[in-house]
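Okay, so here's the structure we're looking at.
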Amino acid sequence: MKSKIFSLFSLATLLLFGACKEGYLDVNTDPNNATSSTPELVLSTALNVTASRLTHHEIGAFWSGQWSPTGSVSGFQTEKTYTVSADFRQGIWTGVYDNLNDYQYVENRATELKQSALVGIAKTMKAFNFQILVDTYGNIPYTDALKGTGVIRPKYDDAKTIYEDLIKQLDAALVELNKPISTDNPSPAGADLVFKGNMPKWVKFANTLKLRILLRQTNVAGRDAYIKGEIAKITGGYLGAGEDALSDPGYQKSAGKLNPFYENYGFTASDTKAGNKDFYTYSDFYIKTLKGFNDPRLPRLAYVPDDAAFRADYRGVPFGEGNDLYTAPKISAIGPALLPQVATAGASDLYKRAQPVMLAAESFFLQAEAVQRGYLTTGTAKDLYQKGIVESFRYFGVTNAGTAAATYYALETANVGWDSSTDKIEAIITQKWIANTGINGFEAWSDFRRTGFPKVPLSTKAQGTQHPLRLIYPNSELGTNPENVKAQGEVTAFTKLFWEK
Amino acid sequence: MRKILLVSFVLMTMLARQAWAQDRSVSGKVTAGEDGSSIPGVNVSVKGSTRGTTTDANGDFRLSVNSGATLVFSAIGYRRQEVVVGTQTTINSTLTAETSQLEEVVVTALGVQRQKEQLGYNAESIKSSGINQARAVGLANSLAGKVAGLQINTVGNGVNPATRIQLRGNRSLTGNNQALIVVDGVQVPQEAINFLNPNDIDNITVLKGANAAALYGSDASNGALIITTKKGSIGAPKVTFGNTSSLESISFMPKLNERFGGGTEAYSRVYVPMENQSYGPEFTNTGDVLVSDPDHGGLILQPANAVQIGRELEDGSKYSYPYQNSPNSKRNAFNTGNTIQTDLSLSAGDKTGTYFISVQDVRTNGVQPRDTYRRTGARLNASREYGKFKGSFGIDYRVGQGNQTTTNFYNAVLNTAANVKLTDYRNWQDFKLADGKLNPANPNNYFNDYYNNPYFDLDNNRQTRTDRYLQGNLTLELQATKWLNVLYRIGITNQQFDSKFYSAKYNYSTYAKGSGKYNARDIAGSAADFSGNTSRLNQDFFVTINNQLGPISSNLILGTNVREDRRKFIQVSANALVLPDLYNVTNRVGEPGATATDFLTRQYGVYADWNLGFRDYLFLHLSGRNDWSSLLSKEKRSYFYPSADVSFVLTKALPSLRDLTWLSSARIRAAATRVGNVTIGAYSLATPFAVGGGFPYGSTAGYTQGNTFNDPNIEPEFITSYEVGTEFGLFNDRVTLDLSYYTQESKNQTVQIDISQATGYNRATINAGVVQNSGFEVDLKTTPMRLQNGLRWDFNVNYSNTDTRVKEIYQDLAEINLSSLFGAVNSSLYQVFAENGKQFPTIKVVDYQRVSATDDRVVVDPATGYPLKAAALRTVGQTVPRHRLGLNSALSFKGFRLAATAEYRGGYFIGHGLAETMWFTGSAFATTAYGRERFVFPNSVVKNADGSFTPNNDVAVRDGGLGAWDSQLRNYGTNFVTSGDFWKLRELALTYTIPESFLTRTRIIKSATVGLVGRNLVTLLPKENIYTDPEFGNTTSNAIGVNATFITPPTRTYGFTLNVGF
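Residue numbers (the working numbering), protein chains in the order written: chain A, 1 to 501; chain B, 10001 to 11062.
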């Protein structure tokens, strides 16, 4: 017995001191997560996230007069009253910076690896995203940003200075994008969800983005020469006919893998209505505008109401209203170019629609405006404007788009027919606004803030007499970077950004 | 029982004795007063000399003495006894169990027992009877209110709630602050306490400070609950049978709107038959109600005694009901719960071996319909001695089976319009009723356009979970020589669980889908299986060396500890089902979800723990430990921490005090401890990449950088604490008072700080932060009445006060948002923070714009009358109680015993998560404050152009209904935070022990007790808290301070208990 007990003790001692052997504690290698990656793998996520981000598009769609909440939902009070606070849609700030951090990683790693194509794409997309932040918040952390714990309270840079640097960054990006694909600089086709490695298209995209950034500054005093000069330097062209920048990871009919617009505003993978399905519709202003234009895109963008009592015509909600008269069946649902009416299996393949980053239509409208303002000398404003309309008709799937568009822009209606439009800029912006419906509400809102077009009415629940001009810095930033936020002075939703009218 | 513990103690205590020439020899036997059994290991000494011996295993002793000497019998756990030796040669002594506060025995670390008077720190022991007086099912709940400085918080109030157990407040900002749980010398994971059978507990020693850290490692930095389970007792087998049957009912419902029925939209006071909001017209008993016709548009009039509820149904019928408040329909939507607890135990043993076996079955039916939990299991504790060897083991196996809804039933019930009698909607399955009418409870016919029938949701969204919990320990002990004891102990804890979440597939009728009913959208159904295993292997090997050199006694423990923790979780899920009612992931549409995670952590430590005693009044304790942890980098993984404490027994040291008749005992104590602590989890040194959202899309893969930036060079955090205390026993210990004061400072914490998202990350794990925590504890035990006729009243008061302050976070960083860090609250209106310079943690809210920091008048918009929003969040105050007071009373008389425990917590705030939704729907009483009429916001001002303020007496809010309460005022968290203070009668038990004389006639039954028990019978809340019992939180994390609706409503229980011994 004693010997047995002794052997037990010996065994115990062995077990115990076995612990002290070399390497016993070296078990902290993560078996669950990747601790290293490649720039390609991160780029595909980053592009997918940029394309999927709907929240600022949604705000823009509301405040540029495209969309309205329906009467089926009683939320959206801030949107309706314009009482923007620091807890309102903080996701724009956090989401965009989070996304930027992935592009920064791609840029850093690809620079080390000398993969110019990736460097160029990452730099371009950084400029794309930083512009959104500036257009939402004005001054933001830029030079100090994206440095991890290197700078945990990044200082804010002046919005206008950032804008200037974005142009420089795009110039640098273009140098990289123009370098030939080779074994040392392999094609990013596998990770490039947008152009599948077509580098000339990336060049066009970067050029079009430059145009977007430059044209945003048309109201800034003394900026004309600068804008003109920068545009003159652009080589390689802009996104042309059929050259939409669309992100396509290969959406699948499975939860979390559907087209994000479809999944958020439409239907689930199992063909049931998404929770938000009945919450969004068009504003009364939008429906009336398109009806006034006899716009063939309206049946593509909206359905007539389900409710028999209202089925005779398209119906939107006067922005701000939300009572029982405007519940989902009584108003127009988002139409067949964007969402099916029902999602019975096999009825629609919109779930795998590539998600737009920027449409060719916008490229033409940007060029049209640049020509109209005398910044660009290639092409005529009228021709570019009409090409923009054609591209929009094509994207929204209007039957015989070219012919239908030609008939449409031949109408002698202001802001439709070029010659009938007294204010060409208003015509361009209005058509761009329609082209961006359900595509890029944020850009539509930026154009509205810059030009005042289209003439969107105030919300019926507006607490003041002004349209909101921006968002204010989020609570998370106030809590983590308070001194730098305070240094921006008092900011409200009505504090003008440097480029605003 | 005590004797067994005593044996091991005596074996570890070597007392050097010198032999003297004596004139004669006496012998005798020492027995226990309570049951007449012999007591081994009693010290028998001759008063005034150093001569002495100890009793052997049979309780016998032999000792040479001079005539006229006085023999002193002393043993831990027994009252000291003195016997004058006359002419006898046989002296038998009967010892009675010890109750003196100072000489009380407590179990300290590693299962070592020590007299309380030797400890330089606060340790409090609770006995089985105190724990089980009200027969709580969960051990943690039965401790609430009983120990100063111990706070138990319950997360939710479901059939198997989780608990948060804290001693002396918080130390760590983002790390663990919960007390270590030790069962029979083995440190076990926190969850273990939920699986213990409270009836298996012999006693619990609560070590409030970090003083056990040298022996248990870092986890003891938060104090420890040292749980000792029952062992077999020597003598004939004893069998006990117990049964407690209790009922559970709701104790508190939020104050509700009982004046207005369904309706929505600002300005309108129109009844909307399918609304989930209650902003309709006021109830009237007669006349017509203005109804918004849901089927044809426009407004119609319907008589108040029969308004339409819901839309027109498929057969053209409309369901109608009087437009009036439906009293108690929300409370009655719940059931009366019940619990049946059955216990059986067997205890037996002889001089060399003992065993204790118990089985328990607890079945609970919750107040939430269909929620059930059953916990069944057994424990076996046994020991055997073989001369110098002793082996013992304990094994505990429990199976917990739960079935609960995953929907927010409470929320759905609270937010149903007041005119709807919810209890009529329980049977939802049938589309048509027996009388051919359409069933208004059926989902296709249910009135509410937005919320489903709560009973439908409750039935169709469920979670089943089975836990299999095994805890075992094995101890081998060798008393090598009188002064050397060698002990090896291995403990295993294994918790395995399987869980299934499912939601039923349901297709609405074509009619319902076409009717405009928002929620008539087909439910795809889902099924998810989770499986996990958590195991811990803990080994201790230590030697104890006892020595006595003159008046100095020494007890030195040298030991080593190795611990390994493994966890594995696997989950597979299907987001959409093909066939209904088959909840298997293979029965799915689309891709399955699948994850698997593994965690492995290891640590080892070496330690020394040295107790020095000078005579019987001065005790010094020193300890030191070095740990090595796998969680840290090679360079940082080793860390050392020391502690020291001293105890000085005044009444034994100072002759002048010894003779005071009113002073039975007095001592002072002091302790200083420093503990290193690693609070990060496994694999937290690298910043990993996560799989990008949605990826992989077929063969397209994507990764994204994590959002938390991890520092690879994290070091342990260190907590330094100081404690002083004093204890007095007065009037023969009828009054004892224990006072403690402590301060703790934790530095170089491992903190997850929020960082500006502009850095690319929203969080970083770094070493930073200082928290200071101080407080005092008062423990007063009195026996105001102790009469000859057996009437006895014991009354104990415990009070503690905690002050926890954040001294520094990181550089000039102002705060950490704990709510978002721990994912605890999903509202941005009220969140819990760690704020620099403030109490920890605090709740901050979205607030109205005020005139100034000192003038809290609210600034309103002169055009609308609605308040303006403040630019920054406002700190309301701390969310953990500043004050805690526990009262324990026990009155006994001739077999009757009336015991009560009451607790007060005060000086803190709580956010009511359930209030926000109730303001949205208008079901909250608060939204009826002005009768839904326009009103001038109270105590408000208007800002003038020159920056001055004018009192607002006439600008009324634009709308007194939904426009104000939902659209405007609901957006201010300030409306949902109230004082968290409460008084609660936690336990009340009246028991009667049937006299033995009566039982002897039965020949079988040896003891019997019957009783009535109740828990949480009375809760008193301040007037402003019209929402809920603040005790129930929504998290076990540090972000404590906000409740939510997914907790079930607070309840009280009351039942009958029976205990029979054979």
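We put the CB at the ideal spot given by N, CA and C, even for glycine.
Neighbour flag for residue i against chain A, beta carbons, 8 Å
| i | result |
| --- | --- |
| R10669 (chain B) | no |
| I10755 (chain B) | yes |
| Q10479 (chain B) | no |
| I10523 (chain B) | yes |
| K10869 (chain B) | yes |
Reduced DSSP secondary structure (H/G/I, E/B, other) of residue i
| i | result |
| --- | --- |
| T10802 (chain B) | strand |
| Y265 (chain A) | helix |
| S10820 (chain B) | helix |
| P10454 (chain B) | helix |
| V10072 (chain B) | strand |
| N10773 (chain B) | strand |
| V10291 (chain B) | strand |
| L10484 (chain B) | strand |
| T10013 (chain B) | Note on T10013 (chain B): pLDDT 36, under 50, position unreliable in the model; the coordinate value appears next. The answer is coil: DSSP assigns T10013 (chain B) none of H, G, I, E or B. |
| M199 (chain A) | helix |
Cross-strand partners of residue i (DSSP beta bridge)
| i | result |
| --- | --- |
| R10667 (chain B) | B:V10649, B:E10727 |
| F10393 (chain B) | B:A10382, B:L10474 |
| I10557 (chain B) | B:T10544, B:D10609 |
| H57 (chain A) | Note: H57 (chain A) sits in no beta bridge, so no partner. |
| D10361 (chain B) | B:T10342, B:T10376 |
| N10533 (chain B) | B:Q10496, B:K10568 |
| W10793 (chain B) | B:M10785, B:L10891 |
| V10046 (chain B) | B:L10071 |
| D10754 (chain B) | B:R10763 |
is_contact[residue i, chain B] using C-beta, thresh 8 Å
| i | result |
| --- | --- |
| Q488 (chain A) | no |
| W445 (chain A) | no |
| S254 (chain A) | yes |
| N101 (chain A) | yes |
| V175 (chain A) | no |
| Y97 (chain A) | yes |
| V304 (chain A) | no |
| F494 (chain A) | no |
| S247 (chain A) | no |
Of the residues the options, the one placed nearest residue i, counting alpha carbons only
| i | options | result |
| --- | --- | --- |
| A51 (chain A) | A:D248, A:T344, A:G60 | A:D248 |
| L11017 (chain B) | B:Y10703, B:N10587, B:T10286, B:D11029 | B:D11029 |
| T10661 (chain B) | B:K10146, B:T10286, B:T10651 | B:T10651 |
| T55 (chain A) | A:Q90, A:V84, A:V27, A:K80 | A:Q90 |
Proximal chain A residues relative to residue i, where beta-carbon distance stays under 7 Å
| i | result |
| --- | --- |
| S10218 (chain B) | What S10218 (chain B) touches in chain A: nothing, since even the nearest Cβ is about 15 Å away. |
| T10704 (chain B) | V42, T45, D102 |
| P10688 (chain B) | D30, N33, A34, T35 |
| E10815 (chain B) | G479 |
Within chain A, the residues that residue i reaches when beta carbons sit closer than 9 Å
| i | result |
| --- | --- |
| D10856 (chain B) | Near D10856 (chain B) there are no residues of chain A at all, since even the closest Cβ is about 19 Å away, more than 9 Å. |
Chain-ordered chain A contacts of residue i [CB-CB under 8 Å]
| i | result |
| --- | --- |
| R10602 (chain B) | A19, Y24, L25, V27 |
Proximal chain B residues relative to residue i, where beta-carbon distance stays under 9 Å
| i | result |
| --- | --- |
| A269 (chain A) | A10524, N10575, A10576, V10589, G10590, E10591 |
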